[in-house]
Amino acid sequence: FKRIRCLKRASILFGMQNRQWQKKKKWTHERKKLLITTRLRHEAEFSGKKRKRNTIWESILRKMRDVESSFPFSRDEITRCFLNIMGTYKRIKKRNSTSGEAASNWEYFSEIDEVFGSRSSIEVPLEMTEYSIISLESPSTTATIDGMDVTPTTSVKRKRFDVIEFLEKESEKENEAINKLIKIESERLEVEKEKLKELKQLRALFENPG
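The numbers in full-length UniProt numbering rise by one with no breaks, and the one at position 128 of the sequence shown is 128.
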């Protein structure tokens, strides 16, 4: 009985810790700001292509953890977050070019625009981010505009498809891990229930031998 109570307590504790961990694993304003600032400082390395993209992102992650030791996100997760941020920036920049506005109230716009603003007319930021995400390089040819590599349209579309496919696979992996934990915990409880049932049957036999 003590073992069953301990198992139940462990299960409850596991659930509480998992919820607390999920609560801590949140993209706050401060964390997004830290990501943007750190990533933009490495822009020359991404443009220079002397280092692998994975290596640069690992360096970015280490520097972010130097600032926040309990930073909960992985390299792939900070890459995806920055990709989403750049997608928002591109949409705002495109809207501004259509409306004639020069700025935006979006909290991260100014900092990103200082780095990418002069290149936005050729709609490079998002493609460049896609190019830098986790080894999505392809052997296709490139053309240089204002010192930046711009891949052909077909290559860009392919990279976009690869990014979407990558995100879907990551989501599936996370779901599989959660389901596996739930299954293991359920199986443990079932085993303990069976043991308890057998103990009750044995006790009944001893108490009522005839």
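Just so it is clear, CB atoms sit at the ideal spot from N, CA and C, and this is done for glycine as well.
Residue i by DSSP, collapsed to three states: which one?
i	result
T28	coil
L136	Unreliable positioning characterises L136 in this predicted model, as indicated by a pLDDT of 41, which lies under 50. A coordinate reading is not provided.
R51	coil
residue 222	For residue 222 there is no data in the structure shown, the boundaries of the chain being 1 and 210.
N96	helix
E172	helix
Y89	helix
E185	helix
S104	coil
N208	coil
L196	helix
Find the nearest neighbour of residue i within the set the options, judged by alpha-carbon distance.
i	options	result
L34	D66, I182, K195	D66
W27	W57, F116, E68	E68
R80	E194, S186, N179, F166	F166
S118	E107, I178, F82, K90	K90
F116	R188, R41, N179	R41
D76	W57, A204, K63, R203	W57
Could you check how far apart the C-beta atoms of residue i and residue j are, in whole angstroms? I think they sit under 8 angstroms.
i	j	result
E45	R51	6 angstroms
I112	K32	With 8 angstroms as the limit, I112 and K32 do not qualify as a contact, their Cβ atoms being about 11 angstroms apart.
L61	I36	Their Cβ separation, rounded to whole angstroms, is 14 angstroms, which puts L61 and I36 out of contact at 8 angstroms.
Hey, is residue i's beta-carbon within less than 8 angstroms of any beta-carbon in chain B?
i	result
S47	Of the chains in the structure shown, none is chain B; there is only one protein chain.
message = Taking 8 angstroms as the cut-off, does the segment 89 to 97 touch the segment 68 to 77 (at least 3 CB pairs, one atom from each stretch)?
response = no
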